[in-house]
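Under full-length UniProt numbering, the letters of the sequence shown match residues 244 to 604, in that order.
Just so you know, even glycine gets a beta-carbon here, dropped at the ideal spot from N, CA and C.
Computed from a prediction, not measured in an experiment: that's the story for all the values here.
So the structure is just underneath, and the comments pick up after that.
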Amino acid sequence: EKGEYRHFMEKEIHEQPDSVQHTLSEYLDLVTGKAKTGAIDFAAIDRIQIIACGTAFYAGQIGRYTFERIAGLPCDVEIASEFRYRSPALSKSTLAVAVSQSGETADTLASLTWCKREGLKTAAVVNVHSSSMAREADILCPTHAGPEIGVASTKAFTAQVAALLALAVAAGVQRGRVDADKEAELVKALFESPRLIAECAEHHADIEAVAHDLAKARDVLFLGRGAMFPLAMEGALKLKEISYIHAEGYAAGELKHGPIALIDEETPTVALAPLDDVFEKTCSNLQEVSARGGPVIMIAPETAPAPHGADIRRIHPPDCHPLIAPLVYAVPVQLLAYYTAVHKGTDVDQPRNLAKSVTVE
Ligand code: M6R
244 EKGEYRHFME KEIHEQPDSV QHTLSEYLDL VTGKAKTGAI DFAAIDRIQI
294 IACGTAFYAG QIGRYTFERI AGLPCDVEIA SEFRYRSPAL SKSTLAVAVS
344 QSGETADTLA SLTWCKREGL KTAAVVNVHS SSMAREADIL CPTHAGPEIG
394 VASTKAFTAQ VAALLALAVA AGVQRGRVDA DKEAELVKAL FESPRLIAEC
444 AEHHADIEAV AHDLAKARDV LFLGRGAMFP LAMEGALKLK EISYIHAEGY
494 AAGELKHGPI ALIDEETPTV ALAPLDDVFE KTCSNLQEVS ARGGPVIMIA
544 PETAPAPHGA DIRRIHPPDC HPLIAPLVYA VPVQLLAYYT AVHKGTDVDQ
594 PRNLAKSVTV E
């Protein structure tokens, strides 16, 4: 039941501190500060191939950045409907990882089965533990989001991201890339995320005010760099799904390669800008948007310097370790889509034309 909430989506956004905590505890030990040695032998593989659809695909892309950065493990991510039909060339030392909330998405399941038949080791990061994918994969990597009712995925997404980040830490340890001190730092950072997610979810007044204006837009651009790039695409997908506003997620560095042509006074740009090693670069992209009259909504910590320019509004998530920024920044992105849709009066939990589980092609 929805309880005090207007929609399941709102309830599920607020459940994320618990679902992320629960999922992290599957893979990490808070007391010892160590990654649990799970069923995956990351030292025995030389590549990961993630396969997923929709929001799970964006979680997979965030996972990819982290597997490569922390564990030095090459990782590819592909949309299952493409992977399935293009005869991909994969070595036997590749681990295929399906990511799915339902565990029933037809294209993801078929891709997983194909990998298994090709003789690859397979794993499934799934939320429904009795699903077809959970049964099909050699290794089950559960997420603990609980039942997700809203068609627009929120808590299943952050649970997938949490599982993949935790697995990347385990991979780093197993492959000798992460020493004991670093492991303790990363595990501690991950376990800080539930509290910071809760903080973001509570401070929604600023987001509601921004959403009020966003509801008037016809097109919205989402920008980010690094792991914030897939989150930008996820933000655009959320906004499209429930508010029916056209939105695109772009790597901030791609702005001048085309999308900047869209910028005008009517086209807001939402930028995901945690204080990381590419913050300055994102800022200069925002100055370019602002100089062309485009309204900017910058999601960045209060401590971050403000770029020069007119019409730059800010949403302030708390300061956080760069590893967990995709978990923490997911919340303002989800709330922005949610309040925009509520303002427009759309059917938030049952958006038109969408099904919760896509079991046909
Ligand atoms: O159950 P799955 O995670 O395999 O579903 C994948 C997509 O269909 C799903 O994420 C979809 O994109 C959602 N509507 C996103 O909000």
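Of the candidates SER324, THR275, ASP272, ILE288, SER324 places its Cα closest to the Cα of CYS296. Relative to the non-hydrogen atoms of the ligand M6R, the Cβ of GLN259 never comes closer than 7 Å to any of them.
Scanning its chain for C-beta atoms nearer than 6 Å, with the 5 sequence neighbours on each side dropped, one finds around ARG557 the residues MET541, in chain order.
The C-beta of PRO390 has fewer than 16 other C-beta atoms within 10 Å across all chains shown, which makes the residue exposed.
DSSP places PRO517 in no beta strand (DSSP E); its state is neither H nor E. Positions of the alpha helix (DSSP H) runs, each at least 4 residues long and wholly inside the UniProt domain "SIS" (281–420), are given as 297–314, 323–326, 349–360, 375–379, 398–417 in order along the chain. ILE567 sits away from VAL532, with the two beta carbons spaced by 8 Å or more. By the CB criterion at 8 Å, ASP520 and THR546 fall outside the cutoff. In this structure, CYS526 is the residue among SER343, ASP462, GLU379, CYS526 with its C-alpha nearest to the C-alpha of PRO550.
Judged by beta-carbon spacing, LEU480 lies beyond the 8 Å limit of VAL463, meaning their Cβ atoms are not closer than that value.
For the segment 460–510, the continuous alpha helix (DSSP H) assignments of 4+ residues that do not extend past its boundaries occur at 471–486, in sequence order.
Contact check for VAL404 against ALA366 fails: the beta carbons are separated by 8 Å or more.
The beta carbon of VAL591 sits closer than 6 Å to the beta carbons of HIS250, MET252, ILE485, ALA584 from its chain, once the five residues preceding and following it are set aside; these are given in chain order.
Only residues of its own chain outside the window of five on either side were considered, and among them PRO437 have a CB closer than 6 Å to the CB of GLN264, listed in chain order. Each of CYS296, GLY297, THR298, ALA299, SER343, GLN344, SER345, THR348, ALA395, SER396, VAL601 has a C-beta closer than 5 Å to some heavy atom of the ligand M6R; these make up the full list, in chain order. Of the candidates ALA409, HIS455, GLU497, the residue whose Cα lies closest to the Cα of LEU271 is ALA409.
Within the DSSP secondary-structure output, ALA278 pairs in a beta bridge with LEU271. If you draw a 10 Å sphere on the C-beta of SER334, you find fewer than 16 other C-beta atoms in it, and that means exposed. With fewer than 16 neighbouring CB atoms inside 10 Å of its own CB, LEU597 falls in the exposed class. Under the DSSP definition of a beta bridge, VAL539 partners with THR512, ILE555.
Taking C-beta atoms as the reference points, PRO560 and CYS443 count as a pair closer than 8 Å. For LEU407, the CB contacts under 6 Å within the same chain, skipping 5 residues up- and downstream, are GLY306 in chain order. Pairwise C-beta distances place the segment 454–470 in contact with the segment 490–498, as three or more of them are shorter than 8 Å.
Shortest Cα-Cα distance from VAL416 to any of THR280, ALA452, GLU379, PRO502 involves THR280.
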